[in-house]
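Numbering (the UniProt record's numbering), first residue to last: 1 to 148. Glycine is no exception: its CB is placed at the ideal position from the N, C-alpha and C atoms.
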């Protein structure tokens, strides 16, 4: 019988990068392993397993990146972001997504954007977990978001 070794998670704390404003070298966190992410359960959920989990890998004032893990045949309920545009990419699974009043079906490799203020929901359509990456950003994306 093979012995099972516990997988070590190594997070690189700081990496030297070029500061393009000063020309000097600064240190920044540029890498975080998937296994090191802190996954959170939706508020008020006591089901096991919960319908979905969210992990933010990196966050700043104007954007963030992370993952959405949706349990089999479960739904991330409708909500909207009053501040951020959202970009999702399906890494694993098949999901039904409703953006405002339009329903889409996305599979591995597909991506979609949810504009600021548009309600959206994500439903996993299979017996396996669905995994999506997401990013949030404040910058205007659509012409109607640009104030003239």
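CA-to-CA distance, residue j to residue i, given in whole angstroms
i           : j           : result
residue 109 : residue 75  : 20 Å
residue 101 : residue 26  : 46 Å
residue 89  : residue 131 : 9 Å
residue 60  : residue 105 : 30 Å
residue 129 : residue 23  : 45 Å
residue 79  : residue 41  : 16 Å
residue 91  : residue 68  : 10 Å
residue 53  : residue 111 : 19 Å
residue 30  : residue 58  : 9 Å
residue 6   : residue 134 : Annotation note: pLDDT 49 at residue 6 (below 50); position unreliable, no value reported.
residue 107 : residue 143 : 28 Å
Range of the contiguous beta strand (DSSP E) that encloses residue i
i           : result
residue 14  : Note, residue 14: premise wrong, no beta strand (DSSP E); not H, not E.
residue 86  : 85-92
residue 120 : 120-124
residue 77  : 75-79
residue 26  : 25-28
Cut-off 6 Å between Cβ atoms - residues of its own chain near residue i, not counting five sequence neighbours on either side
i           : result
residue 49  : 71
residue 99  : 114, 118 and 120
residue 64  : 56 and 136
residue 125 : 94 and 96
Own chain partners of residue i with C-beta closer than 8 Å, once the 5 adjacent residues on each side are dropped
i           : result
residue 127 : 72 and 73
residue 81  : 114, 116, 117 and 136
Neighbourhood of residue i by C-beta, 7 Å cutoff - its chain only, sequence neighbours within 5 removed
i          : result
residue 28 : 14, 15 and 17
residue 84 : 116, 136, 137 and 138
residue 77 : 121
Beta-bridge pairing of residue i - partner residues as DSSP gives them
i           : result
residue 69  : 53 and 131
residue 103 : 98
residue 59  : 64
residue 112 : 88
residue 137 : 63 and 85
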